Amino acid sequence: MSETHFDSNLIARPPQKFDFLQPLRNWFDSIQIHDRRAAHFVCKLIPAQCPFERDIKLFGRTIAHIPPMCKLNPLYDQFVGLRFRALCYLVDECGEMVV
1 MSETHFDSNL IARPPQKFDF LQPLRNWFDS IQIHDRRAAH FVCKLIPAQC
51 PFERDIKLFG RTIAHIPPMC KLNPLYDQFV GLRFRALCYL VDECGEMVV
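Mapped onto the UniProt record's numbering, the consecutive letters of the sequence shown carry residue numbers 1 to 99.
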């Protein structure tokens, strides 16, 4: 019986794409909240819900729906994570609830 050996260098790999936003994502993910005022500022700055989602009504009937566009933001997950860390700081360290 013959065995087939594959050289891993001969396998075609897709070219690596450079994600120019990755350094910014890493920076946002590395931000730690250690100040009550900063935590409140972050919670005010980053909304809990997408402010663009709307129902268009005419005479009490919904005629159109504008879907949330926040997911189109390439840094959406980082902003949500930063707001979550700020909320956790306020609850865990300061004993406050922010809504």
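In this text, a Cβ means the ideal position worked out from N, Cα and C, and glycines have one as well. On a predicted model such as this, the values are computed, not experimentally measured, just so you know.
Candidates 66, 60, 91, 37: closest to residue 54 by CA position: 66
For residue 61: DSSP bridge partner residues: Answer is 58.
Contact check, residue 50 vs residue 86, beta carbons under 8 Å: With respect to residue 86, residue 50 sits apart: the two C-beta atoms are not nearer than 8 Å.
Where the alpha helix (DSSP H) through residue 91 begins and ends: Where residue 91 is concerned, the enclosing alpha helix (DSSP H) stretches over 76 to 92.
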